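Have a look at the structure below, then the notes.
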Amino acid sequence: MRNEVQFEVFGDYALFTDPLTKIGGEKLSYSVPTYQAIKGILESVYWKPTIMYIIDELRVMKPIQMESKGVRPIDYGGGNTLANYTYLKDVHYQVKAHFVFNEHRPDLAFDRNEGKHYSILQRSLKAGGRRDIFLGARECQGYVQPCEFGSGAGYYDTDERTHYLGTMVHGFNYPDETGRNELSVRLWSVEMNKGYIRFPKPEECSIVRSVREMEPKSFHSDSIESAEQLLRNLGGE
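Residues 8 to 244 in the working numbering are what the sequence shown spells out, letter by letter.
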């Protein structure tokens, strides 16, 4: 599809945690990245509020391994703190996703140019992203590059078992993406078959919990650069 992107992301370590554990204490990574984590990685490659990324599928290329480390997190109350963080080790994933226009942002209708967004996205992906890539945490540096989804040999290719990875956070419903002045979190039960995880779309998640009230940030033509102008600045057509 003209709005589809396929890429791989890899790194030495990753820490895809439950958001509830990010406030402090011992941290334990999920076995695989969440939908929201992959969406965040893609937004680091290229982000515009005009478009929304839909993550279709994830392929786990290497065995799921974990490693615990003793770390000294920042103690804002003073003193010295020691905690154990359990990271994913030597991670490598393939991702298939696409973008759609955010219909809840009529103020950005002037920027709905699919071809321009697609060209900038592909160019940004080949450059390794417009911003630094982090795999769940700032200390986990990640790298991205284009690939053909499903190509190459994966560790779980010949595994006929269905791996049930439990209930995980799917992602967040932000007000500018839903049209409701509310922040909520989505949950789902994860299954992996031969290394492939097929994500449901956000509206297909049946377990949704409200977090708090929130209003969307407003944009207009004077506060955001259009895709057409950005592509010209990058030297494209």
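Just so it is clear, CB atoms sit at the ideal spot from N, CA and C, and this is done for glycine as well. On a predicted model such as this, the values are computed, not experimentally measured, just so you know.
What does the Cβ neighbour count give for residue i, buried or exposed, with the cut at 16 atoms within 10 Å?
| i | result |
| --- | --- |
| ILE58 | buried |
| ILE214 | exposed |
| ILE81 | exposed |
| THR169 | exposed |
| ASP139 | exposed |
| ALA234 | buried |
| VAL218 | exposed |
| SER158 | exposed |
| PRO209 | buried |
What number of angstroms, rounded off, separates the C-alpha of residue i from the C-alpha of residue j?
| i | j | result |
| --- | --- | --- |
| GLU136 | PRO153 | Looking at the sequence provided, one finds Gly at residue 136 rather than Glu. Near 11 Å, if we compare the C-alpha coordinates of PRO153 and GLY136. |
| VAL107 | PHE17 | 25 Å |
| HIS99 | GLU222 | 36 Å |
| PHE226 | LEU132 | 25 Å |
| ASP97 | SER126 | 31 Å |
| TYR181 | ALA144 | 21 Å |
| GLN43 | MET175 | 11 Å |
| GLN101 | GLY122 | 24 Å |
| ASN120 | LEU237 | 12 Å |
| ASP166 | GLU211 | 28 Å |
| GLU198 | PRO207 | 11 Å |
| TYR92 | LYS76 | 5 Å |
| SER196 | TYR83 | 35 Å |
| ALA134 | TRP54 | 14 Å |
| ARG4 | THR41 | A query on residue 4 cannot be resolved here, the shown segment of the chain reaching from 8 to 244 and no further. |
| GLY86 | VAL52 | 38 Å |
| GLU155 | ASP25 | 30 Å |
| THR88 | SER191 | 32 Å |
| ARG239 | THR185 | 31 Å |
Residue j and residue i - do their beta-carbons sit closer together than 9 Å?
| i | j | result |
| --- | --- | --- |
| GLU33 | ALA90 | yes |
| LEU49 | VAL12 | yes |
| TYR163 | PRO70 | yes |
| VAL78 | TYR203 | no |
| ILE231 | LEU115 | yes |
| ARG130 | LEU241 | yes |
Going along the chain, which residues of its own chain have a beta-carbon closer than 7 Å to the beta-carbon of residue i, five neighbours each way excluded?
| i | result |
| --- | --- |
| LYS46 | TYR60, ILE62 and GLY178 |
| ALA160 | none |
| SER38 | ILE71 and LEU172 |
| GLU189 | PRO182, SER217, GLU220 and MET221 |
Keeping to the same chain, check which residues put their C-beta closer than 8 Å to that of residue i; ignore five residues upstream and five downstream.
| i | result |
| --- | --- |
| CYS147 | GLY18, ASP19, TYR20, ALA21, LEU22, TYR94 and PHE141 |
| ASP183 | PRO56, ASN109, HIS111, ARG112, PRO223 and LYS224 |
| GLN72 | LEU95, LYS96 and ASP97 |
| ARG9 | GLU121, GLY122 and TYR125 |
| ASN200 | THR169 and HIS170 |
| ARG187 | ASN180 |
| HIS105 | MET8, ASN10, GLU11, VAL12, TYR60, ILE61 and ASP63 |
Less than 6 Å between C-beta atoms, sequence neighbours within five positions excluded: which residues of the same chain meet that for residue i?
| i | result |
| --- | --- |
| VAL64 | The amino acid at residue 64 is misidentified as Val; the sequence shows Glu. Excluding positions up to five away in sequence, the list reads LYS103 and ARG205. |
| GLU74 | TYR94 and LYS96 |
Hey, does residue i have any beta-carbon neighbour from chain D nearer than 9 Å?
| i | result |
| --- | --- |
| MET73 | Protein chain content of the structure displayed is limited to a single chain, and chain D is not contained in it. |
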